[in-house]
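Quick note: the sequence shown uses numbering that gives the first Met the number 0, first residue 0, plus one each step. The block underneath contains the structure these notes are about, expressed in structure tokens.
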Amino acid sequence: MFAKILIANRGEIAVRVARACKEMGITPVAIYSDADRTALHVAHAYEAYRVGGPESRESYLNVASILSACRESGADAVHPGYGFLAENADFAQACADAGVAFIGPSASAIRAMGNKLAARAAMKKAGVPTVPGSDGPVTDARDAARVATSIGYPVLLKAAAGGGGKGMRVVRGEKEFDAALKLTSGEAGAAFGDASVYIEKFIERPKHVEIQVMADAHGNVVTYGERECSMQRRYQKVIEEAPSPVVTPEMRAALSDAARKAAIAVGYVGAGTVEFIVDSERRFFFLEMNTRLQVEHPVTEMVYGVDLVKQQIEVAGGAPLAVQQSDVVPRGHAIEMRVYAEDPAHGFLPSIGTIKRLVLPQGPGVRNENGVYEGYEIPIYYDPMLGKVVVYADTRVDAIQRARRALREYRCEPVRTNVDFLLWALNEGAFVDGNYDTKHIESHFEPSKLHQRDEEVELAAIAAAIAAFDYRSTVRYATLDESKDGAWRRAARADATKRWSR
Ligand code: ADP
């Protein structure tokens, strides 16, 4: 097993990985940019190395600098977390070439899944259902329109190299095609260095469901059920839960079988996630495979009683998986809420500044994957996610109640957070029913709805009204007995009357 792991990341996920290392007797090594000298993840590591300036490209994306930190620290493995270099095949290869184990799949598996078109082709071949669409890239608007007509409008133009919810455009009719193709392709070229785009049927009001896969280097693959990730804003997940409220045991088996085929098709080793889009008739189609640990991995950990980070480290070290598929049984329900430093009342603008007060929720069934502390100044350079609140309970109903309770305990001041927005989402009828889709937020959220249905705010208002009423009654009652009062009491009453009878 490894003696020292360099964590090529920051924030809550770097803290998460450091914790797993310590529990396994492995020395965690942090890297940091100039903006992160005092970041929480640095404090959680036993050693830390500066890798460059505050911009990501100077530090957390700086391969040469990270490899030199590996050499200097003597780390024998690198954990990339998610984001940054986690799905960069060249980085995985550079680690291997430098004799450092990359905790993730091989560079070739990352490449096979990194390009959406190549992945679609590989999945079709492996017998995994894909969204109807073009077989290859489309360049000519007339050809593209022909494909669109054959699968039916609306369609989605997607950048083959896209990611992070970017590089997608809906086309609803032939007339829009020419302009849409030029725009999407131009944007893709600028953002991803690859202008190729292809067509997929645009599935209206879909659900996003994904399967967690874990594979070792000895040919064993296990799947840990699904996560429901349909609560999205701008194609980005906000709340995730496991299990999905709409997946039946039969559907879980079919999804898991497809995910297993996907992993085997590319010779996958490590933790990976196969994402599916589900239409209103519960047909599912392969979207993409994320060849890394997912932000929302904790909900799977809670429901399956597994530590996915430790398992990643074990299989990267060559150990065979200690679990068998028949041992993998879900129990209870987990919900994760991503807490961001942003202002939902004002267009979700990032809110930066120094955290003066931070109270994280506690109590039964609450887990914090947090990346900040009281006194910490949030830098402007990175993703504004402060951390994740994860709750676990025996049933979905109890988990929702617990999630609301936990969010109401969350305090982060004076920085604005999306906590009230998350409470709004948890209170939505569609969420409670489980019938929500990826468009729910877009079509239902308005800033005026913040606080509207939060029963604790209502209770506080009622309590305040009762207190004020009581106080006034007391004052009025006291005035009836004026003759019995002494001078001190009269003076106090005069003062109180002045203050409360306004
Ligand atoms: P990325 O790599 O940018 O995350 P994905 O292909 O995983 O892109 O898609 C992200 C989200 O975009 C999905 O969760 C879903 O909400 C939406 N989406 C993707 N493809 C389709 C489609 N064919 N029809 C409708 N929505 C889609």
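Yeah, the Cβ is synthetic: ideal placement off N, Cα and C, and Gly gets one too. From a predicted model like this one, the values you see are computed outputs, not experimental measurements.
Nearest-angstrom Cα separation, counted from residue j out to residue i
i                 : j                 : result
methionine 508    : aspartate 75      : Beyond the ends of the chain as shown, which are 0 and 501, falls residue 508; an answer cannot be given.
valine 50         : phenylalanine 90  : 15 angstroms
alanine 2         : cysteine 94       : 16 angstroms
glutamine 211     : valine 294        : 12 angstroms
alanine 491       : histidine 345     : 45 angstroms
valine 388        : arginine 36       : 25 angstroms
arginine 501      : glycine 162       : A caution first: arginine 501 carries a pLDDT of 49, below 50, which makes its placement in the model unreliable, though a value can still be read off. If I take the Cα positions, the gap works out to 59 angstroms.
valine 358        : valine 170        : 45 angstroms
glutamine 235     : phenylalanine 468 : 46 angstroms
phenylalanine 430 : isoleucine 150    : 31 angstroms
leucine 307       : glutamate 239     : 17 angstroms
asparagine 369    : glycine 386       : 4 angstroms
proline 21        : valine 99         : Just to set this straight, residue 21 is lysine in the shown sequence, not proline. When rounded, the distance between both Cα atoms is 19 angstroms.
leucine 182       : phenylalanine 444 : 28 angstroms
alanine 194       : glutamine 92      : 24 angstroms
serine 133        : lysine 206        : 22 angstroms
valine 16         : valine 418        : 25 angstroms
methionine 213    : alanine 333       : 20 angstroms
cysteine 411      : tyrosine 339      : 10 angstroms
Residue interval of the alpha helix (DSSP H) (run including residue i)
i              : result
glycine 188    : 176-191
isoleucine 440 : 439-443
alanine 216    : Unbroken run through alanine 216: none, as it is neither H nor E.
glycine 272    : Just to set this straight, residue 272 is threonine in the shown sequence, not glycine. That residue, threonine 272, is in no alpha helix (DSSP H); its beta strand (DSSP E) goes 269-277.
arginine 70    : 62-72
serine 39      : Reading off the sequence shown, one finds leucine at residue 39, where the question assumed serine. 39-43 is the extent of the alpha helix (DSSP H) around leucine 39.
leucine 254    : 248-264
alanine 106    : 106-113
Counterpart residues of residue i in DSSP-defined beta bridges
i                 : result
lysine 200        : Val154
phenylalanine 430 : DSSP lists no partner for phenylalanine 430.
proline 349       : Glu341
isoleucine 48     : Note on identity: in this sequence residue 48 is tyrosine, with isoleucine being the wrong assignment. In the DSSP output, where bridge partners are listed per residue, tyrosine 48 has Ile30.
glutamine 231     : Lys236
arginine 366      : Val389
asparagine 289    : Thr272
arginine 226      : Glu209
glycine 135       : Its beta-bridge partners do not exist; DSSP assigns none.
histidine 450     : The partner list for histidine 450 (beta bridge, DSSP) is empty, contrary to what the question assumes.
glycine 126       : None; glycine 126 has no bridge partner.
phenylalanine 283 : Val277
glutamate 300     : In DSSP, glutamate 300 forms no bridge with anything.
arginine 313      : According to the sequence displayed, residue 313 carries glutamate and not arginine. Answer is none; glutamate 313 lacks a bridge partner.
alanine 507       : No statement about residue 507 is possible, as the shown extent of the chain runs from 0 to 501 and does not include it.
leucine 357       : Cys411
methionine 23     : In the DSSP output, where bridge partners are listed per residue, methionine 23 has none listed.
Beta carbon of residue i nearer than 8 angstroms to that of residue j
i             : j              : result
alanine 7     : leucine 84     : yes
glycine 52    : serine 32      : yes
glycine 331   : tyrosine 391   : yes
alanine 285   : valine 277     : Going by the sequence as given, residue 285 is phenylalanine instead of alanine. No.
glycine 164   : alanine 187    : no
tyrosine 421  : methionine 336 : According to the sequence provided, residue 421 is leucine. The question's tyrosine does not apply to it. Yes.
valine 156    : proline 136    : Sequence check: residue 156 is leucine here, not valine. No.
aspartate 177 : alanine 147    : no
alanine 318   : proline 360    : no
tyrosine 381  : leucine 39     : no
glutamate 341 : proline 383    : yes
arginine 401  : glycine 352    : no
threonine 290 : alanine 108    : yes
threonine 26  : tyrosine 48    : no
valine 221    : valine 327     : yes
Of the listed residues the options, nearest to residue i (C-alpha basis)
i              : options                           : result
lysine 309     : Arg9, Glu455, Gly10 and Arg18     : Arg18
proline 248    : Pro329, Lys181 and Arg415         : Pro329
alanine 241    : Val208, Val265, Arg232 and Ala252 : Val208
lysine 428     : Ser447, Ile399 and Val414         : Here residue 428 turns out to be glycine, not lysine, going by the sequence shown. Of Ser447, Ile399 and Val414, the residue nearest in Cα terms is Ile399.
tyrosine 152   : Ala315, Glu199, Ser195 and Arg232 : Glu199
valine 456     : Ile440, Phe191, Arg403 and Glu412 : Arg403
alanine 264    : Thr437, Ala121 and Ala466         : Ala121
tyrosine 81    : Gly103, Gly304 and Arg119         : Gly103
proline 79     : Ala88, Pro446, Gly73 and Arg145   : Ala88
aspartate 215  : Ala44, Ala321 and Ile202          : Ala321
glycine 224    : Ser184, Leu254, Arg489 and Asp393 : Leu254
lysine 174     : Ser184, Val154, Gly192 and Ala190 : Val154
serine 105     : Val221, Arg232, Phe191 and Ala262 : Ala262
asparagine 367 : Ser350, Glu373, Tyr409 and Phe347 : Tyr409
Delimiting residues of the beta strand (DSSP E) encompassing residue i
i             : result
threonine 26  : 26-32
methionine 0  : Careful: methionine 0 lies outside any beta strand (DSSP E) and carries neither H nor E.
glycine 166   : 165-170
glutamate 412 : 410-412
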